[in-house]
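Here the structure comes first, spelled out in structure tokens, and everything after it is commentary.
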Amino acid sequence: AGDLLDQVAKLVVLSLEKEALAGGADDSIPEHLPRLLGCFYEVDPLAEPLEFLLTRAAGRKQAWDPFRDACLNEGNYVLRFALSTALADAIEKPGSGYSIKEAAALVEKPQTLNHFELGGYTLKSYYSNRVDETPDPRLLRRLAEHPCYPGRSILGDLMLNLVYQGKTPTALLPPAEGEN
30 AGDLLDQVAK
40 LVVLSLEKEA
50 LAGGADDSIP
60 EHLPRLLGCF
70 YEVDPLAEPL
80 EFLLTRAAGR
90 KQAWDPFRDA
100 CLNEGNYVLR
110 FALSTALADA
120 IEKPGSGYSI
130 KEAAALVEKP
140 QTLNHFELGG
150 YTLKSYYSNR
160 VDETPDPRLL
170 RRLAEHPCYP
180 GRSILGDLML
190 NLVYQGKTPT
200 ALLPPAEGEN
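Take a look at the structure:
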């Protein structure tokens with residue numbers, strides 16, 4: 030069933046893209062696509078279509094940001110997680126148009142809790158796969174101090190991944206206010 034769902038997701042995205050291109054809207058992503066992707070509750074069928082869309086929208090925030098926000102508004106945690114994974118993977122790809130600074134901005138200055146969560150999970154996925162890089166301690170502090178559950182949950186997941194990499198997570202945290 031998983032292979033079939035992968036193919037269905039790919040066909041849906043490609044057919045919608047073909048429809049948009051035929052209509053001359055080569056700079057946009059079909060507005061009904063997030064609603065359709067929100068019907069999938071497995072990460073694997075979403076991975077390749079999201080990577081395709083992210084690559085297609087590289088450098089065109091006017092196309093990507095509304096699509097990203099519409100996906101976040103679907104309320105589908107699996108779609109949100111798949112989106113964060115696609116963004117984390119895009120950070121290291123040349124020409125993707127997405128950077129670690131953009132993911133960090135979602136955590137540092139989120140417009141919504143969904144933005145904060147997406148940025149946090151993107152950073153967690155990115156740094157969990159980087160043995161040679163460590164997260165900015167200010168971002169870790171921001172995750173820890175956020176008043177909602179996702180920040181602390183993301184931080185816990187990231188810390189576990191850093192321990193598995195042989196790092197000492199507490200050495201990354203800046204001292205608490207009033208400590209030297």
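Note that the sequence shown ends on residue 209 in the numbering used here; no numbers are left out.
Think of the CB as a built atom: it goes at the ideal place given N, C-alpha and C, for glycine as much as any other residue.
- Distance from the Cα of asparagine 102 is smallest, within the candidate group Lys138, Thr197, Ala173 and Cys68, for Cys68.
- In the structure shown, the three-state DSSP call for isoleucine 58 is coil.
- Under the rule that a run must span 4 or more residues, the alpha helix (DSSP H) segments found entirely inside the segment 62-112 read 62-66, 72-85 and 90-102.
- In terms of Cβ geometry, serine 154 and alanine 111 do not form a close pair [threshold 8 Å].
- Short of 6 Å from the beta carbon of tryptophan 93, and not among the five residues preceding or following it, lie these beta carbons of its own chain, in chain order: Ala86.
- A residue is called buried when at least 16 other Cβ atoms come within 10 angstroms of its Cβ; cysteine 177 does not meet this threshold and is exposed.
- The criterion of a C-beta distance shorter than 8 Å is not satisfied by leucine 75 and leucine 40.
- If you draw a straight line from the Cα of tyrosine 127 to the Cα of valine 72, it is about 21 Å long.
- Arginine 171 sits in a helix when the DSSP states are folded into three classes.
- The alpha-carbon of threonine 199 is positioned some 10 Å away from that of leucine 169.
- Cβ-Cβ separation between leucine 83 and serine 125: approximately 7 Å, consistent with a contact (criterion under 8 Å).
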